[in-house]
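J.: If you're matching them up, the sequences are chains A, B, C, D and E in order. For the first sequence, our numbering assigns the number 315 to the initial residue and increments by one for each residue that follows. For the second sequence, our numbering assigns the number 153 to the initial residue and increments by one for each residue that follows. For the third sequence, our numbering assigns the number -6 to the initial residue and increments by one for each residue that follows. For the fourth sequence, our numbering assigns the number 60 to the initial residue and increments by one for each residue that follows. For the fifth sequence, our numbering assigns the number -8 to the initial residue and increments by one for each residue that follows. Glycine included, each C-beta is placed from N, C-alpha and C at the ideal position. This is the structure I want to talk about, given as structure tokens.
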Amino acid sequence: MIFGSGVLRSMLITLKNFFTSYFKGPEEGGIFTVEYPETRLPEKERFRNFPFLVYDRNPENLRCVACDICAKECPPKCIYIVREFDKEGRPLKRPAVFDIDFTVCMNCGICEEACPFDAIYMDHEFEIAGPERQSRLLYHKDDLLKSNEYFHKIRPTDATAIDQQRREAEEKKKAAAEAAAKAKQPD
Amino acid sequence: MMPVPLQHFLFFAAALFVIGVYGALVRRNIIGILLSIELIVNAVNVNLVAFSRSTSLAPETGQIFALFIIAMAAAAVAVGLAIVLALFRIRKTIFTDQIDLLKG
Amino acid sequence: MGISLIAGVATVTLPNIFHATLSLVAALLGIAGIYLILHAEFLAVIQVLLYVGAVVTLIIFAIMLTEGISNKTIAQRNKLGPAAVGGAVVFLAALWGVIRSTPWPIQGGTSENSYATLASLAGSLLGDYIFPFEVISVILIAVLIGAIVIAKKDSV
Amino acid sequence: MDTRFPSEKAYPFDSESSVGMKTEKIFSMQTLDQIFIIAKKIILGVTGHFLPDWACLLTSILISISAIAVLGPFTMMYLTLLERKVIGRMQNRIGPNRVGKWGLLQPFADGIKMLTKEDIVPLEADKVIHFLAPLFIVMPALLVFAVIPFGRNMTAVDLNVGLLFFIAVSSTTTIAIFMASWSSRNKFSLLGGMRSAAQMISYEIPMVLSVVPVIMMAGSLSTNSIVEAQSRWHGLKWFVFTPWGFLGFIIFFLCAVAECNRSPFDLPEGESEIVAGFHTEYSGMKFALFYMAEFMNSFTLSGLAVTLFLGGWQGPFLPSWIWFFLKTYALIFVMIWFRGTLPRVRVDQLMGLAWKFLLPLTLANLLVTGFWYFTSRPVRIAGSMVLLALAFWILTKLNRDVVPEKRVYHFAE
Amino acid sequence: MEKIFSARDPSALNTETLEINFGPQHPSTHGVFRMNIVCDGETVVSLKPVMGYLHRNHEQIAENMSYAASMPYTDRLDYFNSMSNNFGYSLAVEKLANIEVPERAQYIRVIMAELTRLVNHVSVIGFLLNDLGAFFTPVLYAFREREKILDIFEEVSGARMMCNYFRFGGVKYEIQPHILQRIKEIVKKFPKFLEEFEALLSKNEILCMRCQNVGVLPKELAVSASITGPMLRASGVDYDIRKVDKYSIYGRFKFRIPLGEKGDVYDRYYVRILEMHESLKILDQALKDIPATGELVSKKMAPFLKSPRNFKPPVGEAYGRVEAPKGELGFYVVSDGTPQPWRYHVRAPSFINLTILEDMCLGHKIADVIVILGSVDIVLGEVDH
């Protein structure tokens, strides 16, 4: 083939793309870039960003019982939990302090897997840039707390499945409790 | 653009010529000497063109001579630089006072 | 006119060789200006093209190869400084004396009608000056080959 | 005895005849075509009353200079925007559209950014030359505007050595690039400087030689007369339609692309290899000057290509200067198109292409033009076509190593 | 005028030799990688690569964490294809604790690995063109395809690049049918894009000029320097771990291995394009006969999903290797019965492919060094791990 033909053919392709970018949609070779602040890509359900703590109805009864499993399992060790003690000094099943250092966390989702009490889940919210590193990105308990409804809003299928499991667990526990109560009560 | 008398050009060319000669004598660096030779050649050219303008018999002869001289000067510089390069490779220096011994 | 003189002096005196070359460029541009005043446009453009475009670039190449990157500016003037200045001044005075005294055929300015047009220049170049034109081309080729042979690396 | 500066005499503006012609002209394509010249005459008319004769001459020159001074940077700014938009579209993304309606104010934003950037001069750099280099690069880029015929009689300075002036001035950029790379004392810029000088020189000769056939056929060096030579038959007479003209156009355009260091030949500031070549050490306003010079070069060179081969401002009914700008921007689009698609050529291939391929091709082109000049109509078209094809074929055979070799790939189970 | 450095004897005729640092922040070294190049004029005389700017002590960290905890770290090794890194690590631990992976999980793993191969090869060719000077056009065409595949990864595993999707004995999440359907569409449209991409590049004279007979890697040197991946196959050696080991379920798929003959930059580029065609074949077959249902993680490993730290593999050692797009990616794990590995080592293909960079670059121009580095296709995360 004559010398310049390869170059010419590659030029024609860029020209084709130049014109299709005006007329065709994003699928067949049109413009596939999205202008971020105005239009946004649809959010994917399983997308995982930094974790958050779930509470039912009001922020007091959060699900976390400060069992410290997630702190032990977290690869970069970015969770710090201190258990709460009531006045007499007996430990309570609630965390007094629950910090996650977002600069260390690599949102791998292992804490979500390891948590036996479905207390910690991965969030969808990613615009959390702050002015400086230390204070702004070290999240304390109250920043992390988010309601169960929010959890349903961002991850509908997972949330319903988990709620369903929790309800069954409660019925089983109630049934077991009644059975135990019945067994204790007749003798 | 009032007419410029002939003498002005001649004075200017002579001055340039003398500067070129001074440069050639004084410079230690061969390339410096080549530069001054360029100056001398240009001074000569200016003279030529000035004369061709003032004598009205065949006006373009002066310019043709100037053209030939420019060509020759370019050739001279080319050969000069080639010699300088070769010299630099062997002697590692292009300063005239260090290259005075004629040994091979 | 003035520029070229100053630039000429600078070419000769500046210690750093690169600065000297640049002042040579300024001098050449000044001379091209003079040609324009003398209505020799073709020559001015040729001068710019040939000298500033090619010759000075050649010189810069040479400087690049010989000076190396970190060049130290060593004293550029050798011993016979003052003697040369004296000689030059004497020579200049003699020249000026000659110029001022000789009666040039046309004392007046340059006559207006006789400037050379491009066409006439080309005509005579290829007309009655055809022989030197050919000789020049032969010489240039010889120089071309000669320069390459001298500057070629021995080893390769 | 009024000895005028030769190019003055060729000035149509001040001669009384054209002033008379304007008055009884009804509004027609002609006036739209001469819109700028009429505007200039009006200004001259106004200033003519209270200024002495030589001052009137001065103002006419000043007007054309100011027109160019406005046109130059303005085209440069909008060329940067055009380039980013076109390359963006080629890559299926939208070009800059944040500043201004479609990104129209983007060049101003870039300009302000360039101005506010801090001007770093490397420590042991050669201060004087470091400062001078950008000026020396922009100077030829602006000087060259004077010779390009923008419209019917809208050439700033109609030198009868116009073309030669263009080539002479554009060859001085080599020294400016050297100054820039030598004075910033860093290895990358030195490499860039050496490469660009070698590239400039080796691409200047084919460029000049590819222009010679046009001069031969047009008979003169002045750009205006070249455009006149192509004016008959409404565009069929353009040089590009003759075989040697077409080949000359391609070679000229390739050399023009190489001259202003763009796209396949942008060796001197090859980003991926030697960072930013000779203007590595520059920032702020000085870098803007380099940038401006590069874009103005590409504008003027494509303007010249239009003048030489595509019949300058010849065009059926649109006013002349619109035609000129249309054609020039078309060529600039092709330059940007090159930049969007083609990878960079290596230094020795660059030289090889220039010396071993383009130069012999231009010489062949010269021969064919001679042949064309002296033979009659039917013979010369066929003859020159055959000769040129032959030359092209021989040259591709000679440069065996450049032509890509076939590769066969077998598969293992 | 002091001589900076002269490789050859000073008396021989040599012009000024330049010693240039293609420093860590050079625009085209694919990350923080330095090369001390000594060149005479333009041709390279000697080249010393300097690495370690991105060393994050991955192996030592892994030895202080439980097995599952270091899975997210393997994503960060070769951040272009995290799925195949996970694949390699999970293979090694499954061999160590002889866990067998259920059928459906095997198919999902193969589909994900082949999708990463497509992503990697497409973007590598894009970056190679970038080094050659084509101003970002091929990269953006490649990224248009890469975006679609990364959306699939995000849909499936939760993150575009740091997927952390594989678990010992299977995968973490289920693939819903509509995602499978989307993968089928992508695989159907990919060949059309590929031949447009090939038409843009393969016959391009400038590309051929720049790439042919540049950075030639002879067969013996490739084998002796234990080069693996597309570089080895471009030199004509028929060695692909998917065919040699037939690990996971690669034995069931029918596909071929493209081989070049000269082993220069052009061969490596073209072998990668042909490999993409082969991966598409594998994906077609895998998508066709993937079982509709089936458990995701083997029963033996299910309890440890919830509490990874009390997963204690038996004492012993295992070396799991996988055909990553860059070459043979191996994980050597030694366990002493405790939840933390006693020794954990990663065989990074990019690191080993880099060792012979100098032999390929001698005698070439500086512009070629960058192109050869681009064709070797290194990712600094893996080189310095």
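Suppose you measure from the CA of Lys237(E) to the CA of Asp231(E); what does that come to, to the nearest Å?
T.: Residue numbering aside, residue 237(E) sits at position 246 when the fifth sequence is read from its first letter. Residue numbering aside, residue 231(E) sits at position 240 when the fifth sequence is read from its first letter. Cα-Cα distance, rounded: 9 angstroms.
J.: Bridge partners of Arg338(E), per DSSP?
T.: As a position in the fifth sequence, residue 338(E) is number 347, starting the count at 1. DSSP output for Arg338(E) lists Gly321(E) as bridge partner(s).
J.: Between which two residues does the alpha helix (DSSP H) carrying His108(D) extend?
T.: In the fourth sequence, residue 108(D) corresponds to position 49, counting from 1. Here the alpha helix (DSSP H) through His108(D) covers 94 to 109.
J.: Could you work out which residues of chain D lie near Gly242(E), taking near to mean beta carbons separated by less than 8 angstroms?
T.: Here residue 242(E) refers to the residue found at position 251 when the fifth sequence is read from its first residue. Result: empty, since nearest Cβ-Cβ is about 13 angstroms, beyond 8 angstroms.
J.: Which residues does DSSP list as the beta-bridge partners of Val313(E)?
T.: Residue mapping note: residue 313(E) aligns to position 322 of the fifth sequence, counting from 1. DSSP output for Val313(E) lists Leu320(E) as bridge partner(s).
J.: Using a 10 Å radius around the Cβ and a threshold of 16 neighbouring Cβ atoms, would you call Phe161(B) buried or exposed?
T.: Here residue 161(B) is taken as the residue at index 9 of the second sequence, counted from 1. It counts as buried.
J.: Determine the closest residue to Arg362(A) out of Gly220(E), Arg243(E), Met152(E), with distance taken between C-alpha atoms.
T.: Stepping through the first sequence from its first residue, residue 362(A) is reached at position 48. For the residues Gly220(E), Arg243(E), Met152(E), the minimum Cα distance to Arg362(A) belongs to Met152(E).
J.: By a C-beta neighbour count over all protein chains shown, 10 Å radius and 16 as the cutoff for buried, is Asp178(D) buried or exposed?
T.: In the fourth sequence, the residue the question calls residue 178(D) occupies position 119. It is exposed - the Cβ of Asp178(D) has fewer than 16 other Cβ atoms within 10 Å.
J.: What does DSSP give as the partner residues of Ala423(D) in its beta bridges?
T.: Along the fourth sequence, read from residue 1 onward, the residue named residue 423(D) stands at position 364. According to DSSP, which records beta bridges pairwise, Ala423(D) is partnered with nothing at all.
J.: Helix, strand or coil, according to DSSP, for Met292(E) in the structure here?
T.: Position 301 of the fifth sequence, counted from the start, is the residue given in the question as residue 292(E). Helix, per DSSP.
J.: Does Cys30(E) come out as helix, strand or coil in the three-state DSSP assignment?
T.: Here the question's residue 30(E) lines up with position 39 in the fifth sequence. Here Cys30(E) sits in strand by DSSP.
J.: According to DSSP, is Phe161(B) helix, strand or coil?
T.: As a first step, residue 161(B) must be located in the second sequence, where it is residue number 9. Helix at Phe161(B).
J.: Applying the 10 Å Cβ sphere with the 16-neighbour rule, what's the burial state of Tyr350(A)?
T.: The count along the first sequence starts at 1 and reaches residue 350(A) at position 36. Classification for Tyr350(A): exposed.
J.: In angstroms, rounded to a whole number, what distance separates the CA positions of Ile62(C) and Ala13(C)?
T.: By one-based count along the third sequence, residue 62(C) stands at place 69. By one-based count along the third sequence, residue 13(C) stands at place 20. Here the model assigns Ile62(C) a pLDDT of 42, short of 50, so the residue's position is not dependable and the matter cannot be decided.
J.: At the level of alpha carbons, what is the spacing between Glu319(E) and Asn72(E)?
T.: Taking the first residue of the fifth sequence as 1, we reach residue 319(E) at position 328. Taking the first residue of the fifth sequence as 1, we reach residue 72(E) at position 81. Their backbone Cα atoms lie some 13 angstroms apart in a straight line.
J.: Within the 8 angstroms Cβ cut-off, does Gly120(C) reach chain B?
T.: In the third sequence, counting from the first residue as 1, residue 120(C) sits at position 127. No, its Cβ sits nowhere closer than 8 angstroms to a Cβ of chain B.
J.: Going by CA-CA distance only, name the one from Ile11(E), Val36(E), Glu50(E), Met62(E) that's closest to Arg300(E).
T.: Start at 1 with the first residue of the fifth sequence, and residue 300(E) comes out as number 309. Of Ile11(E), Val36(E), Glu50(E), Met62(E), the residue nearest in Cα terms is Met62(E).
J.: Which of the three DSSP states is assigned to His49(E) in this structure?
T.: Working through the fifth sequence from its first residue, we reach residue 49(E) at position 58. In the structure shown, His49(E) sits in a helix (DSSP, three-state: H, G or I).
J.: Which value, in whole angstroms, describes the spacing of the CA atoms of Ile(-4)(C) and Ala3(C)?
T.: On the third sequence, residue -4(C) is found 3 positions in, with the first residue counted as 1. On the third sequence, residue 3(C) is found 10 positions in, with the first residue counted as 1. Cα to Cα, Ile(-4)(C) sits roughly 10 angstroms from Ala3(C).
J.: Is there a Cβ of chain E sitting closer than 8 angstroms to that of Glu464(D), yes or no?
T.: By one-based count along the fourth sequence, residue 464(D) stands at place 405. Taking Cβ atoms only, chain E reaches closer than 8 angstroms to Glu464(D), which makes this a yes.
J.: Report yes or no: is there a C-beta of chain E within less than 8 angstroms of the C-beta of Cys392(A)?
T.: By one-based count along the first sequence, residue 392(A) stands at place 78. So, not an interface residue.
J.: Apply the 10 Å Cβ neighbour rule to Glu492(A) and answer buried if 16 or more other Cβ atoms are within range, or exposed otherwise.
T.: Taking the first sequence and counting its residues from 1, the one referred to as residue 492(A) is at position 178. With fewer than 16 Cβ atoms within 10 Å of its Cβ, Glu492(A) is classed as exposed.
J.: Going by DSSP, name the residue or residues bridged to Ile11(E).
T.: Numbered from 1 along the fifth sequence, position 20 holds the residue referred to as residue 11(E). Looking at the DSSP assignment, Ile11(E) forms a beta bridge with Ile28(E).
J.: Does any residue of chain B have a CB that is nearer than 8 angstroms to the CB of Phe124(C)?
T.: The residue given as residue 124(C) occupies position 131 in the third sequence. No, Phe124(C) lies away from the interface with chain B (no Cβ there is under 8 angstroms from its Cβ).
J.: Locate the beta strand (DSSP E) running through Arg408(A), then write down its first and last residues.
T.: The count along the first sequence starts at 1 and reaches residue 408(A) at position 94. First-last of the beta strand (DSSP E) with Arg408(A): 405 to 415.
J.: Quick one: what does DSSP say Ala88(E) is sitting in, helix, strand or coil?
T.: For this step, residue 88(E) is matched to residue 97 along the fifth sequence. The answer is coil: DSSP assigns Ala88(E) none of H, G, I, E or B.
J.: Give me, in chain order, the residues of the same chain whose beta-carbon lies closer than 8 angstroms to that of Glu54(E); leave out the 5 immediate sequence neighbours on both sides.
T.: Within the fifth sequence, residue 54(E) is the residue found at index 63, counting from 1. Cβ neighbours of Glu54(E) beyond the five flanking positions: Gln331, Pro332, Trp333, Arg334, Tyr335.
J.: Report the residue from Glu142(D), Ala235(D), Asp112(D) whose alpha carbon sits nearest the alpha carbon of Phe349(D).
T.: In the fourth sequence, the residue the question calls residue 349(D) occupies position 290. When each option's Cα is compared against that of Phe349(D), the closest is Ala235(D).
J.: What is the residue span of the beta strand (DSSP E) that His469(D) lies within?
T.: Position 410 of the fourth sequence, counted from the start, is the residue given in the question as residue 469(D). 469 to 471 is the extent of the beta strand (DSSP E) around His469(D).
J.: Any beta-carbon of chain A closer than 8 angstroms to the one on Ile197(E)?
T.: In the fifth sequence, the residue the question calls residue 197(E) occupies position 206. At least one chain A Cβ lies under 8 angstroms of Ile197(E).
J.: How about Ala358(E) and Leu401(D): are their beta carbons less than 8 angstroms apart?
T.: The residue given as residue 358(E) occupies position 367 in the fifth sequence. The residue given as residue 401(D) occupies position 342 in the fourth sequence. Not closer than 8 angstroms, so no.
J.: At the level of alpha carbons, what is the spacing between Thr103(C) and Leu219(B)?
T.: Walking along the third sequence from the start, residue 103(C) turns up at place 110. Walking along the second sequence from the start, residue 219(B) turns up at place 67. Confidence at Thr103(C) is low in this model, with a pLDDT of 46, below 50, so the placement of that residue should be treated as unreliable; the coordinate-derived value is given next. About 21 angstroms.
J.: Leaving aside the five residues before and after Val198(B) along the sequence, list all residues of the same chain whose C-beta is less than 8 angstroms from its C-beta, in chain order.
T.: By one-based count along the second sequence, residue 198(B) stands at place 46. For Val198(B), where only same-chain residues beyond five positions count, the Cβ hits under 8 angstroms are Phe161, Phe164, Ala165, Leu168.
J.: Short of 6 angstroms in beta carbon distance, which residues of its chain neighbour Leu106(E), apart from the five on each side in sequence? Order them along the chain.
T.: On the fifth sequence, position 115 is the one that residue 106(E) refers to. Contacts found: Ile140.
J.: Where Trp303(D) and Ala256(D) are concerned, what is the direct C-alpha to C-alpha distance, given to the nearest angstrom?
T.: Position 244 of the fourth sequence, counted from the start, is the residue given in the question as residue 303(D). Position 197 of the fourth sequence, counted from the start, is the residue given in the question as residue 256(D). Their backbone Cα atoms lie some 29 angstroms apart in a straight line.
J.: If we define contact as Cβ-Cβ less than 8 angstroms, is Lys65(C) a contact residue for chain D?
T.: Taking the first residue of the third sequence as 1, we reach residue 65(C) at position 72. Reliability fails at Lys65(C), whose pLDDT of 47 lies under 50, so the model's placement of it is uncertain and no value is given.
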